[in-house]
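Here's the structure, in structure tokens; my notes come after.
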Amino acid sequence: YITGEWVFQQGDGRTTPPPKNFNKWITGDAPTDDSKGTCAYSEYGLWYPTTCDKEYVVICQKHMYDRHNIPSNLGDDGLSPGNYYLVVQTDFLASDTGCDVEIRVQSDLNIEFGFVDGMRKDAPHPIANVDSNENRVVSSVSIGKANSQNCMLQHVQLRSDDASSTLLEAATYSYRLGCGYDFVSQPLSCDLTNDKDFSVVMIGEDDTGNTFQRYSTSLCSKWYICENGGAYWNGQCLCPDYYTGDKCERVMCQNGGELSMSGDKCKCPSGFGGEVCQSVHCDANSETSFSNDGKALVLVLEKSETTADAIKTIGKTIHTIVQSLNDQHQGWIDKYMVLTFTLDGTIGDLAVYDDVNQFAKSLLRIADDAWAYNGDCRMPIWKALDHLFDFPSSEYLRGSELLIVSAASPNDADMASIHATMEKFDIQTPIVDFLHLDSVKCNVNDWIKELGEFTNFLSTTGGMIFRVDSEFVGLGMNSFLPTRYASQLLSYSDPLNCTDNEIFIQVDTDMAIVFIMVGGQGAKMEIETPKKKDPITTFQWWNSDEQSLWSMYPKYPGIYKITVNSKGSMCSPVVYGSVGAIAEGNPHAAQVFSGFIQSYNYLNTPKPYAVYGAVNFPVFHILEQQDAQTPPETLFMAIMTRKSIEGSNEESYTSDVDLRDGCSYTYMGKAFTCVAENDVITLSV
Numbered sequence: 001y002i003t004g005e006w007v008f009q010q011g012d013g014r015t016t017p018p019p020k021n022f023n024k025w026i027t028g029d030a031p032t033d034d035s036k037g038t039c040a041y042s043e044y045g046l047w048y049p050t051t052c053d054k055e056y057v058v059i060c061q062k063h064m065y066d067r068h069n070i071p072s073n074l075g076d077d078g079l080s081p082g083n084y085y086l087v088v089q090t091d092f093l094a095s096d097t098g099c100d101v102e103i104r105v106q107s108d109l110n111i112e113f114g115f116v117d118g119m120r121k122d123a124p125h126p127i128a129n130v131d132s133n134e135n136r137v138v139s140s141v142s143i144g145k146a147n148s149q150n151c152m153l154q155h156v157q158l159r160s161d162d163a164s165s166t167l168l169e170a171a172t173y174s175y176r177l178g179c180g181y182d183f184v185s186q187p188l189s190c191d192l193t194n195d196k197d198f199s200v201v202m203i204g205e206d207d208t209g210n211t212f213q214r215y216s217t218s219l220c221s222k223w224y225i226c227e228n229g230g231a232y233w234n235g236q237c238l239c240p241d242y243y244t245g246d247k248c249e250r251v252m253c254q255n256g257g258e259l260s261m262s263g264d265k266c267k268c269p270s271g272f273g274g275e276v277c278q279s280v281h282c283d284a285n286s287e288t289s290f291s292n293d294g295k296a297l298v299l300v301l302e303k304s305e306t307t308a309d310a311i312k313t314i315g316k317t318i319h320t321i322v323q324s325l326n327d328q329h330q331g332w333i334d335k336y337m338v339l340t341f342t343l344d345g346t347i348g349d350l351a352v353y354d355d356v357n358q359f360a361k362s363l364l365r366i367a368d369d370a371w372a373y374n375g376d377c378r379m380p381i382w383k384a385l386d387h388l389f390d391f392p393s394s395e396y397l398r399g400s401e402l403l404i405v406s407a408a409s410p411n412d413a414d415m416a417s418i419h420a421t422m423e424k425f426d427i428q429t430p431i432v433d434f435l436h437l438d439s440v441k442c443n444v445n446d447w448i449k450e451l452g453e454f455t456n457f458l459s460t461t462g463g464m465i466f467r468v469d470s471e472f473v474g475l476g477m478n479s480f481l482p483t484r485y486a487s488q489l490l491s492y493s494d495p496l497n498c499t500d501n502e503i504f505i506q507v508d509t510d511m512a513i514v515f516i517m518v519g520g521q522g523a524k525m526e527i528e529t530p531k532k533k534d535p536i537t538t539f540q541w542w543n544s545d546e547q548s549l550w551s552m553y554p555k556y557p558g559i560y561k562i563t564v565n566s567k568g569s570m571c572s573p574v575v576y577g578s579v580g581a582i583a584e585g586n587p588h589a590a591q592v593f594s595g596f597i598q599s600y601n602y603l604n605t606p607k608p609y610a611v612y613g614a615v616n617f618p619v620f621h622i623l624e625q626q627d628a629q630t631p632p633e634t635l636f637m638a639i640m641t642r643k644s645i646e647g648s649n650e651e652s653y654t655s656d657v658d659l660r661d662g663c664s665y666t667y668m669g670k671a672f673t674c675v676a677e678n679d680v681i682t683l684s685v
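Numbering (UniProt numbering) for the sequence shown: 1 to 685.
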């Protein structure tokens with residue numbers, strides 16, 4: 001208080017009136033005399049008058065305004081560079097001996113900083129990512145409003161934010177180019193921060209060679225809550241296809257789609273659909289229905305003296321066989337069909353029965369008639385299949401179980417016959433299995449080539465060959481047919497690979513049962529689970545010199561290795577799973593229907609085989625079970641192996657699988673062409 005007014009007194013004796021907003025006094029108004037003292041101090045925003053006999057440590061600082069209350073110039077009233085030492089002393093006799101000390105600096109040298117989780121990232125967060133092991137401090141130095149090119153940051157420290165200021169982490173800075181934040185530190189860990197705030201200390205050297213440091217406070221916490229199905233891992237969101245951004249919040253429209261005004265949807269051009277226009281839109285939907293129930297059991301019988309006894313046995317045991325099918329899944333079979341063929345190429349009518357009793361009587365009549373016809377080791381099997389589709393009742397063939405019963409191999413397996421027959425097969429034609437009746441007259445080893453090629457055809461329909469002695473045909477059918485409900489091939493193997501043949505299969509979560517079938521004498525199989533030596537439950541459904549059939553019951557998903565051996569020269573090893581429940585209450589595994597189309601976005605009914613000379617696209621559909629307790633499955637990759645008909649390997653095919661919009665077959669792979677005519681291809685997804 002000097003000459004009747006309160007003023008700031010500077011070290012050189014000059015005085016400065018306080019700004020008008022410095023008017024908050026503990027007394028309400030500024031004292032008008034010196035009765036309470038001629039000095040005042042500020043605490044918690046209020047001025048307190050007091051005597052001038054107390055000593056206080058004076059801290060000099062460079063103000064952004066000079067004594068005339070106008071912005072100061074660079075260098076005005078600046079502190080000299082160097083190290084300053086500060087001692088804080090409290091009054092031991094005071095009731096509260098604690099104190100808080102905070103040192104701030106007003107300087108034109110400023111540091112901006114933040115945390116990133118990659119050395120090339122340049123959009124920092126104010127806090128470190130608690131889930132990342134790649135936290136780095138990025139910083140920039142400016143003088144005034146301009147980035148400094150001469151000041152260098154050297155070190156960064158993380159210290160505990162308490163009285164001990166314990167060093168938790170330290171790292172050096174490196175300079176980087178092309179970034180808004182020029183300096184990036186080595187990785188820093190959140191492990192020692194114990195979920196508490198910590199101090200960030202940045203140390204560097206200014207353009208005059210003097211050391212400086214700046215303190216700030218931060219903490220470790222989660223950065224993101226991932227959107228649009230993103231997965232949070234190692235402190236960052238791993239985005240699904242078509243989404244990007246730190247939180248997967250940004251949509252990437254595909255195929256020329258445009259982002260809507262809201263920024264979260266895409267407007268798709270003609271021919272494309274889906275959330276981000278990622279899906280081809282079908283010009284025409286085939287309206288294909290997918291179901292495993294309400295199907296027909298179709299028998300295509302060799303009518304000859306060779307098979308007469310076997311047909312009679314089937315007729316006598318068909319009631320038991322049908323009961324086994326119903327035990328497997330009620331509602332699977334509701335029609336019975338039979339077609340015969342003879343050595344001279346005569347094809348009988350395709351008869352249809354709704355009643356199993358009438359079906360059994362028909363089989364017994366066929367058996368009686370068969371004795372009048374000669375048999376042979378080669379029969380017109382392809383011709384019989386070709387004529388299946390010439391009858392009005394062929395509409396019942398879609399998705400049904402067709403069983404060829406013959407002791408022969410095809411005698412008409414020329415490419416013209418094969419192509420003519422396969423042209424009549426579309427994707428909803430039956431699953432074709434071959435019940436081969438082994439006999440002394442027709443040794444299977446004499447007809448390996450024909451049967452091997454026929455086995456390849458069967459696999460295109462999802463079918464296989466099952467060998468059985470004529471005497472035991474009823475028992476064989478009763479063991480084999482129930483395993484064929486909603487079956488899914490899990491592998492393909494060369495029919496002639498019968499020694500230490502290692503087959504690898506991928507088992508999904510809900511695959512309750514897997515079947516392994518190996519032909520020939522001395523057939524054996526070994527299973528290695530994903531956990532190597534972990535034992536697994538198996539059951540042998542059929543065991544004979546001609547054929548062995550096992551089932552295994554996986555305990556968990558993963559890749560299983562099955563090693564098969566057989567003394568037979570053609571063992572046709574097959575591994576397949578059943579998505580239907582063997583026992584009520586079992587889960588349903590994924591069931592996939594597949595085929596090939598030859599037009600990118602026009603959906604005609606797919607074929608079960610690729611067309612030579614055309615561009616082919618594999619298409620797929622997953623059958624969703626109505627009572628499924630798990631989320632729907634997703635397809636993402638298709639793999640194809642290709643061989644020439646002579647057996648030489650050709651270039652394999654791997655493709656992403658994309659969704660389609662407005663199509664019965666809702667997934668599609670990339671285009672491919674057949675390398676050569678009559679290639680044998682194996683497609684898995």
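Every residue, glycine too, gets a C-beta built ideally from N, C-alpha and C.
Contact annotation: the segment 134 to 148 touches the segment 106 to 118, with at least three C-beta pairs closer than 8 Å.
8 Å or more divides the Cβ of residue 313 from the Cβ of residue 406. When beta bridges are read from the DSSP output, residue 197 appears opposite no residue. If only uninterrupted beta strand (DSSP E) runs of at least 3 residues are considered, those enclosed by the segment 262 to 349 are 279 to 281, 295 to 302, 333 to 341.
From the listed residues 479, 458, 498, 667, the smallest Cα separation to residue 489 is found for 458. Counting other Cβ atoms within 10 Å of its Cβ, residue 8 stays below 16 and is therefore classed as exposed. The three-state reading of DSSP puts residue 642 in strand, counting E and B together. When only Cα atoms are considered, residue 207 and residue 54 end up about 41 Å apart. Looking at 326, 40, 127, the one whose alpha-carbon comes closest to that of residue 216 is 127. Annotation for residue 231: 238 place their beta carbon closer than 6 Å to its own, counting only its chain and skipping 5 residues before and after. Taking each of 189, 122, 152 in turn and checking the Cα distance to residue 131, the smallest one comes out for 189.
The Cβ-Cβ distance between residue 421 and residue 385 falls below 8 Å.
Residue 220 has 128 as its beta-bridge partners, per DSSP. Following the DSSP letters along the chain, one finds residue 92 in no beta strand (DSSP E), marked with neither H nor E. A distance below 6 Å between beta-carbons, with the five flanking residues on each side excluded, links residue 37 to the following residues of its chain, in chain order: 49, 50, 51. Distance between residue 337 and residue 467, taken at the CA atoms: about 22 Å. Residue range 617 to 623 is occupied by the beta strand (DSSP E) that includes residue 622. The alpha carbon of residue 461 has as its nearest neighbour, out of 436, 429, 155, 159, the alpha carbon of 429. Residue state for residue 653 is assigned as strand, using DSSP reduced to three classes.
Annotation for residue 438: the continuous beta strand (DSSP E) segment containing it runs 431 to 438. For residue 567, the closest alpha carbon among the candidates 545, 655, 560 is that of 545. Taking 8 Å as the cut-off, the beta carbon of residue 525 is found no closer than this to the beta carbon of residue 464. Just so you know, the alpha carbons of residue 26 and residue 47 end up roughly 6 Å apart. Annotated as proximal: residue 656 and residue 670, with beta-carbon spacing under 8 Å.
For residue 371, no alpha helix (DSSP H) encloses it, and the DSSP letter there is neither H nor E. If you check the CB distance, residue 593 and residue 290 come in under 8 Å. In this structure the segment 323 to 339 touches the segment 473 to 489; the number of beta carbon pairs closer than 8 Å is three or more. Straight-line measurement puts the Cα of residue 382 at about 22 Å from the Cα of residue 574. Excluding its 5 nearest sequence neighbours in each direction, residue 683 has C-beta neighbours in its own chain below 8 Å: 594, 618, 638, 639, 640, listed in chain order.
Short of 7 Å from the beta carbon of residue 252, and not among the five residues preceding or following it, lie these beta carbons of its own chain, in chain order: 242, 243, 244, 276. By the criterion of at least three beta-carbon pairs nearer than 8 Å, the segment 247 to 264 is not in contact with the segment 284 to 300.
DSSP places residue 7 outside both helix and strand once states are collapsed to three, so it counts as coil. DSSP places residue 356 in the helix class (H, G or I) of the three-state scheme. Per DSSP, residue 480 is one residue of the alpha helix (DSSP H) stretching across 473 to 480.
Nearest C-alpha to residue 503 among 469, 559, 533: 559. The three-state secondary structure of residue 456, taken from DSSP, is helix.
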